[in-house]
Every structure is written in structure tokens, then in C-alpha cells.
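S.K.: Quick one: the structure is below, questions incoming.
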Amino acid sequence: MSSPGLPHNPEDSDDAVTITPDDEPRYNPTQLIYNRETGLEGSTLLNGETNGLTEGSSSTLANGFPRQSSDLMQSHLQQLQYNEHRISLNRSIGSALGILGELRAENSKRPIFYPTDAEDSSNSKLIGSSSRLALIRQNSLAPAQNLIHKATEIKDVEQFELLTINLKLDQTSGVNAISSLDRTGLASLFNDKVNHVMKHLQALKERIDDTSSKVFVTGDLNSGKSAFCNALLRRRLLPEDQQPCTSVFCEVIDARDNSGVEEVHAVSIGQAYNRRKETSYKIFGLKDLEDLVYRSDLYSILKIYVNDNRPIERSLLKNGVIDISLIDAPGLNLDSYQTTQVFSRQEEIDLVVFVVNAENHFTLSGKEFIASAAHDKNLMFIVVNKFDNIKDQDKCRHKIMDQVHVLSPETYKDASEFVHFVSSADVLEGLPEGGPDGDADGKDDNDPLDYDSPEFDHLEASLRRFILEKRSISKLLPVKTYLGKLYSDLGKLCVINEKLYLQSRDDMLLELNALTPKYEQAVAESTKIHDQIQKVIESTSADVYSFSRNKITNTVNAIKDMPLAQYRGLASLYVFAKETQFLMINELLNSVTDSENYARKRTGLAVDEIRQIGITQVASAKLPNTRFKEEAMFTKKYHNLRKRLNEDISPFDFFDPTFDGFFRAIGLLRGGTSYQLQVWKSSASAMAVYSSTRVLQNGVAVLKNVVSVRDILSVGFFKKVVTPVILTAGALSVAYLVYDMPNAYQRKTARKMSRQVQEEDYQHANSSRIAKECRKVLAYPSRDVMNCLQTSLEETATKKKQITESLKNSDMSYDFYRRLAKMITTQKTQVESFSFEALHSVD
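Per the working numbering: the sequence shown = residues 451 to 1293.
Set out below in C-alpha cells:
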């Protein structure tokens, strides 16, 4: 239907959907009951079909006709479907929150691959980007670097819509700085993004559970947002000015929710609003709005309760179906804080009406807002205000529609319903300032149609249809859209990670299979070298021990016959004894010193041999450049034999008579021991005869031939012959003892020293000490070689361990993303199965 004087085109008529043709019978529902406290359980479809509300209808209708039963039945079915979809969406939101929670926990344990340069759909229109993958990690293992390399090889990564992390260096550079962040910063940004998405899901849940609807009017500065709101209310309620005037959020609500009282509730910053709790706000009159809209430093939002006495088929606030509030937001580019507040507020809104100044078109802040809102709102109203000021309206219309096509394709498809070129000033022209009664339009409220501004009437009709008749689309479709995009992004992320971890797992298996034989061979070589080195150490120690023991033992055995101190006569006998004792001990100690010197030389050879063994397996550059210092060995003397030997000299130490010594003394024995000497030693009866000289033996033989036995037995014979012999023998014995005193002392001292050395096991103690010192010194080059081998072995073992752990993590991550992908696919299929458009499609 068109206004009088204008041609009528049913397809272009803005009221073709809401007005019943004159030739069609009209049927009204028997009764429509609306409870403002409980609403209609979140639906506009039950007892709320406005196509049953025609001219003259009210909130309570009677005298229905047969058509009403089918309409009510359809409304009931639609209400059931709406509630089912709402419950299902609630469940899907809960599933999405659970999936995001698992993903966040996975990010804290194992790497998550993320396309760091992927832009969202809006930014990709402005800034070209190429997808590149980066790694979010909590630990740094070498195999993980292979994952990064594999990640960069994946081509044609689809861009994210909701999970995009975009960090720019400044406002104008357009350069994404994500790739320059370290893994900690990137992981933190990803977690922040997940937290933001989870917060948005909570807001969506609250929105679909809320039975009321909120219309959010926003746009750039001086685009005419307040004038547009006043035009919708047909009342100059909100302050208007050529300069920016609205800096506080203003929410216009039906005064019936405030017991019919028109007033302003100013909510202080940080205060939670509760209409029933007067301490949570301050009350002002409507006339105070001129000042209140500037007090963004005091108030966060102004709750404006007004009456609208227009009929329910014309009024947006008093529609007889659901509670609707109109929110006038500050300009986007007023300041950064207010712009951020506007961006955050849109998450709580069911419908966005974006007001564009026809003279300026879409600004950068406007494009960014629409891109942000498009995350869940595929459809939004674009109101091009001040269109009457444009000379070339067709050109302006085409340019704006081209921008809308890029920014919101779904809105562009249904441009006749969602894109409107109006002039709010024309609607407000001639209207006085709104009074407390809310009846300021000066027109007949009973006239449902007003043809002063057909474009604006069409806009109002479209708003009513979308909010009231198409509630499934305005209330539930944004949730479905957001969940669909979220599950799509999560599915892409899972597919990327699943492929990368599978590819990485195969690569690590190949690397592990190639590394295991090398590791086992290195272990075998290390064991072999260790055995060789130990063999060198043990053979050297055994050789030194044997040499030292033999050296000391031979010295002890030969010390009694060694020419030592010089004998100067009986007067210096004691001095001779002390010198002899000192020299004998020195001989024994010198044998120990000789053993130590031998050990030094032998140890030096062994050190070179051990290093040579190490060089055959380890590069010489890796071995420590140490030098063997043989003078550092045996710096501490452990033997104190001189103190332990008894240094007291006894007179008996000088007497040690022996037949060998006696006969040597008188010159009867030279060289080795004769057989006759052994006979004399063993026969005690021949001692006297043995003690005589060869001369006496020859004399006796002569006398025996001349003198008879009787003469020998006579007393005279004893006096003449035997007595001199005895005296001669005694003199010879005394002379022998005196003569043999130096030799006797040396022999007895040597025997005493030998006995004491044997008792203390002196040979073994010193030989063990010397061998132990050799083993201690050889341990240093051995340790150097083994440390180099162990370091190389540990590097291989560490690498093997890292690959094994990374392989385990890859298996766990692969299973995680594979399981998560199945969950996401199931949820996405379920969400896509909701068909709101089938219930209420936009014409």
C-alpha cells in the first residue's frame, strides 16, 4: 500500500507484509494476553503474530473467526520449535565452553600451532595477509623445532574468523607483529583470545535466556544517532546538537516497567543497576538529560523511562508483545575509551542499528565495529542518515552499498529490509520538545499510517518485523552464527594440529629408528674403551707394585753384606755403629725412592697411552689439554722407618762369631764354603781340632810318626805341646772377636732390620702405596677420556630421550585433536541443523 497520490507497487510496499488486502477477510485471534513481568517465555511467536494485528487491533482482541485456530496452532508449534532451538543452543554453548577449556589446558601442556598471520574477514579486505604458522610452546626441545619447520610447509591455510590474533605495531602500519613474539607472549595472547571468546559465549547465553530485546543504535560522531532515536520515538527526547553531545549510554525503556513514571535513572560508574533498589541509581527528570548526557565521568548509563501513547502496531517500545529497549551509544571515534565501551556493549545486544552519515560514508572505526559485530550478527540494520543533504543520491547510494557488500554480505543480500536511506530530521520536523505525556507528535495516534516520510515508515516496519515477527532470527540466529564460526575455526585449528602432529610423529619415528643403533654402538664403544683404559691402569699398577716389592726385598736381603761405614778402630766403634745404622736405613729408603721414580716414568707412559686411546674415539680438540707432572707424585712421605727402628746400641750387637768368619779371619777359608767346612760345622766333637791351624795339623802328624802313644799321654807332653796350643787358640779366638766386631754389628743390625721390616710388612705397604698413587694419577686422564665419551653419549641419550618424550607428546596431542575434531564436527552439524530461516525468512 502506498500513500495517496503515489503509484502503488505491492512488491515495493513497505507495509505489504503487515497490512491485509482490502479484498481479503480479516480474522483476529480470540484473545491475546501479554504479561509484562513474565513476557512470552522468550518468544514473539506465541500469541504475538503482528500479521494478525491490523488496523484497530489492540492487546486484547475478541470475536475471532475460524482462521484464528490455525494461526494459533502454527504459533504454538513455532513457539515449541523456538524453545527447542534455544535449549539446544544453550547446550551447544556449554559444549563450546568445555572444548575451549580443554584447548586452553592443552596449550599450557603441549604446543599449539596457530596461523599467526591469518586475518579476520574484515581486516583481510583492508590488509593482505599470507598465512604462516607459528608455534605456541611451554618448553624448548629440539624435535619441536622440526614441528615449526613442518608447520611452515603447510600451504593454503584457511583464515580464522573468531580466533584471529592480530597485533599491530601502530594504528597505521598495518603490520602484524605476532610473528615477532616469543612463544610465551604468543601463548598468552592465544589464551587471552580464548578467554574473550568464552566471555562472549557467556554473553550469548544470557542474551537468549533474556526474554527482552535490546536495540543498539551506534555510529560515528554527528551521524545523527540521537535524532534517529527521537524519530523512532516520534518525540524530541534525547538532546541533539551539531557538536557531539552524547557521551553516556542512554537506554530508553517503556515507562510501564517503571510503574508508568517518566524519569531518568542515572547509574554511577561501577554500580550494578537494580530498579527495585533505589540506592543503585540517582533519579532525574527528563529535562535534565541536556546535562546528564555529558557526564560520562560520573555515570556509566542513563536508564530513561518514557511513555509512548501510540498504538501498539506503530510503537516500538509499547508493542504488546515483548519488552524492547532502545540504546543510544556515544560516537565510535569520540575517544578510545568510549569506542572500547561501544565495542564491548554490542556483545550484549540482540540487534545493531548502525547509523551512517551519508556525507561521510563508513569510517575506519565504523568498519572495525561492523567487522567485530559480524562475528555473531550476520544481519544488522544500516541507516544512512541525512540522505536528504546529498545532491547525487544515486552515486552515494551505490558507494555505500558497495561498502556494505564488503562489510556485511548477508545484510547486502537483504538490503531492502536492512539498508535504509532516510532523513531523521524530516520525521522530527515540526515536533515540539517531548513532554511528560509522551504525546508530542501532534498527530492522530489512532492513525496507524503516516506518509510524511515513507522511507522512515518502511524502516520502522522492517524493524518491527525483524524484532517481533522474526524473533528466531533476531534472537537466536546470532548465536547460531557465532557458534558456527567458532566451531569452524576450532575445526580448522584441530585439522592443522592433527596433520602437523601426525607428520611430526612419523618424522620422529624415523629419526628415533636411525638414532637408536648409533646410541647402542656408542654405548658399546664406550664400554670397550673403558675396559681398555682399566686394563692399562691395572697393568701399570701391577708392574709398579711388583717392581717396588722386589726392589725393597732385594735391598733388605743384601744390606748385611754391603760395604757401608768406614771402621776407624775400637775408639770410634760407637760412631761406626751409628753411621752403619744410618746408612743401612738410607739404603732401604733409597730402594723406596727408586721404586717411586720407576713408578713416575711408568705412569707417564701410561698417561700417554690412555690419551691415545681416547683420541682414537674422541677428537683431540675435545680432550682437556692437561700435562702430566711427574714431580707432583709422592710429595708426601708416608714411610718413617727411621723412627720405628730401635736405635739403642747394645754391646752384644758387636759379637756374632761364626766358623766362616773365624776361618776367613785366620786365612784358612777363601772363596766359597768347602765340604770339610760343612763337616766341621755339623760335628761338635771336632771343634777343638777345627780351631787349630794347618801348622798344628802338620806338627801333630809328624809327632804321631815319631812319638809313641805313651809319650803323648805323659804330663810332660801336655806341658810342652797341648798348653801352647790351647793358649794359641784362645788368643786367636779373642783376636777374631775383636777383628770381627764391625762385621758382626752389621750382620746383627741387618737381621734386626729385616725382622722388623717383615713384621711390619714394609714391602707390601710401600708397594701398595706407590701402586695406589699411580692408579690415582691415571684416573685423571681416564676420567677426561670417559667424560668426553660420556658427554657425547649423554648428548645422544638426551636427544633420544627428547625425541621419545616429544613422540609421546605428539601421540597425546594427535589423539587429543582427533577426539576434539570429532566433538567439534558433531556440534557444528547440530548447530547447522537449526533452521530459523525456514520459520521466518526475510523477504
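We put the CB at the ideal spot given by N, CA and C, even for glycine.
1) Give every residue of the same chain whose Cβ lies closer than 8 Å to the Cβ of D939, excluding the five residues on either side of it in the sequence, and list them in chain order.
2) Report yes if the CB atom of L776 is closer than 9 Å to the CB atom of L766, and no otherwise.
3) Which full runs of the beta strand (DSSP E) of 3+ residues lie inside the segment 692-762, going along the chain?
4) Between A911 and S954, what straight-line distance do the alpha-carbon atoms span, to the nearest angstrom?
5) With K675 and D778 assumed to form a contact (beta carbons below 8 Å), what rounded beta-carbon distance in angstroms separates them?
6) Starting from L909 and walking both ways along the alpha helix (DSSP H), at which residues does that stretch end?
7) Taking the beta carbon of R915 as the centre, do at least 16 other beta carbons fall within 10 Å, making it buried, or is it exposed?
8) With a threshold of 9 Å between beta-carbons, can S924 be considered close to chain C, or not?
9) Based on the DSSP output, what are the partners of T668 in its beta bridges?
10) Just mark E728 as buried or exposed, buried being the case when its beta carbon has 16 or more other beta carbons within 10 Å.
11) In angstroms with no decimal places, state the Cα-to-Cα distance between Y995 and D981.
12) For L776, does the three-state DSSP call read helix, strand or coil?
13) Excluding the 5 residues preceding and the 5 following S903 in the sequence, name in chain order all residues of the same chain whose CB lies nearer than 6 Å to its CB.
14) Measure the alpha-carbon distance for E975 versus P967 and round it to whole angstroms.
15) Closest by CA to A1049, which one among T977, N1036 and R1219?
16) Considering only the beta carbon of each residue, do E608 and K942 sit closer than 9 Å?
17) Apply the 10 Å Cβ neighbour rule to E1223 and answer buried if 16 or more other Cβ atoms are within range, or exposed otherwise.
18) Work out the CA separation of N557 and E1244 for me, nearest whole Å.
19) For E712 and R726, what's the separation of their Cα atoms in angstroms?
20) So, do the segment 648-662 and the segment 540-555 have three or more beta carbon pairs nearer to each other than 8 Å?
21) Considering only C-alpha positions, which residue in the set R999, V805, K817 and F868 is nearest to V1042?
22) For K643, which residues of its own chain have a beta-carbon under 7 Å away from its beta-carbon, when the five flanking residues on both sides are left out?
23) Give me the residue from K978, N810, V854 and S1204 with the minimum Cα distance to K836.
24) Could you tell me which residues DSSP pairs with I832 in its beta bridges?
25) Between Q1067 and L1270, which are expected to be in contact by the criterion C-beta below 8 Å, what is the C-beta distance as a whole number of angstroms?
26) Using three-state DSSP, classify F819 as helix, strand or coil.
27) Does R686 come out as helix, strand or coil in the three-state DSSP assignment?
28) Give a yes or no on contact between the segment 1243-1262 and the segment 1071-1082, applying the rule of three or more CB pairs nearer than 8 Å.
29) Quick check: the Cα distance between N1237 and A1229, rounded to an integer number of angstroms?
30) Using the beta-carbon count (16 or more within 10 Å), is C700 buried or exposed?
31) How many angstroms separate the CA atom of T1275 from the CA atom of R686?
32) Looking only at its own chain, which residues have a Cβ that is under 6 Å from the Cβ of L965, when we skip the five neighbours before and after it?
33) Tell me which residue opens and which closes the alpha helix (DSSP H) that H855 is part of.
34) Taking only the alpha-carbon atoms, compute the straight-line gap between L814 and P689 and give it to the nearest angstrom.
35) So what does DSSP say about S663, is it helix, strand or coil?
36) Is H848 buried or exposed, if buried means 16 or more other CB atoms sit within 10 Å of its CB?
M.R.: Inspection of the coordinates gives the following:
1) Numbered from 1 along the sequence shown, position 489 holds the residue referred to as residue 939. Only F610, E611, L612 and L613 meet the Cβ criterion.
2) By one-based count along the sequence shown, residue 776 stands at place 326. By one-based count along the sequence shown, residue 766 stands at place 316. Against a cut-off of 9 Å, the Cβ pair of L766 and L776 comes out as a contact.
3) 699-704, 713-718, 732-734 and 749-756
4) Taking the sequence shown and counting its residues from 1, the one referred to as residue 911 is at position 461. Taking the sequence shown and counting its residues from 1, the one referred to as residue 954 is at position 504. A911 and S954: Cα-Cα distance of roughly 58 Å.
5) The residue you call residue 675 lines up with position 225 of the sequence shown. The residue you call residue 778 lines up with position 328 of the sequence shown. Correct: roughly 6 Å between the Cβ atoms.
6) Along the sequence shown, one-based indexing puts residue 909 at 459. First-last of the alpha helix (DSSP H) with L909: P904 to R914.
7) Taking the sequence shown and counting its residues from 1, one reaches residue 915 at position 465. Answer is buried; the Cβ neighbour count reaches 16.
8) The displayed structure is made up of one protein chain only, and chain C is not part of it.
9) One-based indexing of the sequence shown puts residue 668 at position 218. DSSP output for T668 lists F804 as bridge partner(s).
10) Translated into positions along the sequence shown, residue 728 becomes position 278. Looking at its Cβ environment, which holds fewer than 16 other Cβ atoms inside 10 Å, E728 is exposed.
11) As a working mapping, residue 995 is identified with position 545 in the sequence shown. As a working mapping, residue 981 is identified with position 531 in the sequence shown. Answer to the nearest angstrom: the Cα atoms are 21 Å apart.
12) By one-based count along the sequence shown, residue 776 stands at place 326. Correct three-state label for L776: strand.
13) Taking the sequence shown and counting its residues from 1, the one referred to as residue 903 is at position 453. Correct list, in chain order: D876 and V877.
14) Position 525 of the sequence shown holds residue 975. Position 517 of the sequence shown holds residue 967. Looking at the two C-alpha atoms, the distance is approximately 12 Å.
15) Sequence index remark: in the sequence shown, residue 1049 carries index 599 (1-based). Ranking T977, N1036 and R1219 by Cα distance to A1049 puts R1219 first.
16) Along the sequence shown, read from residue 1 onward, the residue named residue 608 stands at position 158. Along the sequence shown, read from residue 1 onward, the residue named residue 942 stands at position 492. Taking 9 Å as the Cβ cut-off, E608 and K942 qualify as a contacting pair.
17) Taking the sequence shown and counting its residues from 1, one reaches residue 1223 at position 773. Classification for E1223: buried.
18) In the sequence shown, the residue the question calls residue 1244 occupies position 794. In the sequence shown, the residue the question calls residue 557 occupies position 107. For E1244 and N557, the distance between alpha carbons rounds to 30 Å.
19) Stepping through the sequence shown from its first residue, residue 712 is reached at position 262. Stepping through the sequence shown from its first residue, residue 726 is reached at position 276. C-alpha separation (whole angstroms): 16 Å.
20) yes
21) Taking the first residue of the sequence shown as position 1, residue 1042 is located at position 592. Ranking R999, V805, K817 and F868 by Cα distance to V1042 puts R999 first.
22) Within the sequence shown, numbered from 1, the residue matching residue 643 stands at position 193. Here the set comprises L613 and I615.
23) By one-based count along the sequence shown, residue 836 stands at place 386. Closest option to K836, Cα to Cα, is N810.
24) Position 382 of the sequence shown, counted from the start, is the residue given in the question as residue 832. Answer is F804 and V869, bridged to I832.
25) Numbered from its first residue, the sequence shown carries residue 1067 at position 617. Numbered from its first residue, the sequence shown carries residue 1270 at position 820. Not quite, the Cβ-Cβ distance comes to about 49 Å (not below 8 Å), so this is no contact.
26) Within the sequence shown, residue 819 is the residue found at index 369, counting from 1. F819 falls in the helix class under three-state DSSP.
27) Translated into positions along the sequence shown, residue 686 becomes position 236. Reduced to three states, the DSSP call for R686 is strand.
28) no
29) The residue labelled residue 1237 in the question sits at position 787 within the sequence shown. The residue labelled residue 1229 in the question sits at position 779 within the sequence shown. Answer to the nearest angstrom: the Cα atoms are 12 Å apart.
30) Counting from one through the sequence shown, the residue named residue 700 turns up at place 250. Per the 10 Å Cβ criterion, buried.
31) For the purposes of this step, residue 1275 is taken as residue 825 along the sequence shown, with counting starting at 1. For the purposes of this step, residue 686 is taken as residue 236 along the sequence shown, with counting starting at 1. When rounded, the distance between both Cα atoms is 51 Å.
32) Counting from one through the sequence shown, the residue named residue 965 turns up at place 515. So the list reads K1250, once near-sequence residues are dropped.
33) What you label residue 855 is simply residue 405 of the sequence shown in a count that begins at 1. Per DSSP, H855 belongs to the alpha helix (DSSP H) from Q843 to L857.
34) Taking the first residue of the sequence shown as 1, we reach residue 814 at position 364. Taking the first residue of the sequence shown as 1, we reach residue 689 at position 239. Cα to Cα, the separation comes out at about 26 Å.
35) As a first step, residue 663 is located in the sequence shown; it is residue number 213 there, counting from the start. S663 falls in the strand class under three-state DSSP.
36) Start at 1 with the first residue of the sequence shown, and residue 848 comes out as number 398. The residue in question, H848, is exposed, as its Cβ has fewer than 16 Cβ neighbours within 10 Å.
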